[in-house]
Amino acid sequence: MIIRTERTTLEPISPALARRIVERDERDGDAWHPEYPFADELGPLRGLAESTTGDPIFTMYLIRDADGSAVGGFGFFGPPDSTGRVEFGYGLVPAARGVGLATEAVVGALSFVAAHGAERAAAETDVTNLASQRVLLKAGLAETGRTATTVSFAREL
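Numbering follows the working numbering, with no gaps: position 79 of the sequence shown is 86.
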């Protein structure tokens, strides 16, 4: 299922597409930004590529900008747990940062999964990643905890 916001489109990544992204097997219509995928996304993409089936809702998504270029990724770490909590992560290539695309993608994705059974969303970021912390706050999440290296955020959906 494709998630559309004003300036982004989130397209689900199937296991087959995840394999192609990891292998940089770009084909007509893929329109991957030259910096995509970024290093932090390769681990989750490899995990999805090795799976035999993908969850149609709580999966990884390509983030495309208004021009249709794949500039990042958004991913759920699985379906909601028994309490309705879902964890997620995201990232954009440096060239796409700082213009609100990440916030828009987060808000759109969380709105989408709220309609599919998720009741609470949670994310974690490095304590030094102030830009990501701003994205999460702008998307309506609140800080719920902090360690020496990470900051946790959550919100009810």
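Ideal Cβ placement from N, Cα and C applies to all residues, glycine included. Keep in mind that this is a model prediction, so the values were computed, not measured.
Checklist entry - Contact check, Ala129 vs Phe160 under 8 Å by CB: the rounded distance? => result 7 Å
Next on the checklist: Looking at the secondary structure, which residues open and close the beta strand (DSSP E) in which Pro19 lies?
Outcome noted: Thr16 to Pro19
Next on the checklist: Looking only at its chain, what residues have a beta carbon closer than 7 Å to the beta carbon of Ser21, apart from the 5 residues adjacent to it on each side?
Outcome noted: Gly61
Checklist entry - Mind checking whether the beta-carbon of Pro87 lies closer than 7 Å to any heavy atom of the ligand FAD? => result Inclusion of the ligand FAD in the displayed structure is not the case, the ligand content being empty and no account of it being possible.
Checklist entry - When you compare each of Arg53, Ala103 and Pro63 to Ile70 by their alpha carbons, which one comes out closest? => result Ala103
Next on the checklist: At 3 residues or longer, what runs of the beta strand (DSSP E) sit wholly inside the region 67-94?
Outcome noted: 67-71 and 77-83
Item to check | Backbone CA spacing between Phe148 and Val134 [nearest angstrom] | outcome: Inspection of the sequence shows that residue 148 is occupied by Leu rather than by Phe. Each residue's alpha carbon lies about 16 Å from the other.
Checklist entry - Is there contact between the region 12-30 and the region 44-62, where contact requires at least three CB pairs shorter than 8 Å? => result yes
Item to check | Cβ-Cβ distance between Gly75 and Ala112 below 8 Å | outcome: Result no, Cβ atoms of Gly75 and Ala112 do not sit closer than 8 Å.
Next on the checklist: Going by DSSP in three states, Ile9 sits in which element: helix, strand or coil?
Outcome noted: coil
Next on the checklist: Considering only their Cβ atoms, is the gap separating His40 from Val100 smaller than 8 Å?
Outcome noted: yes
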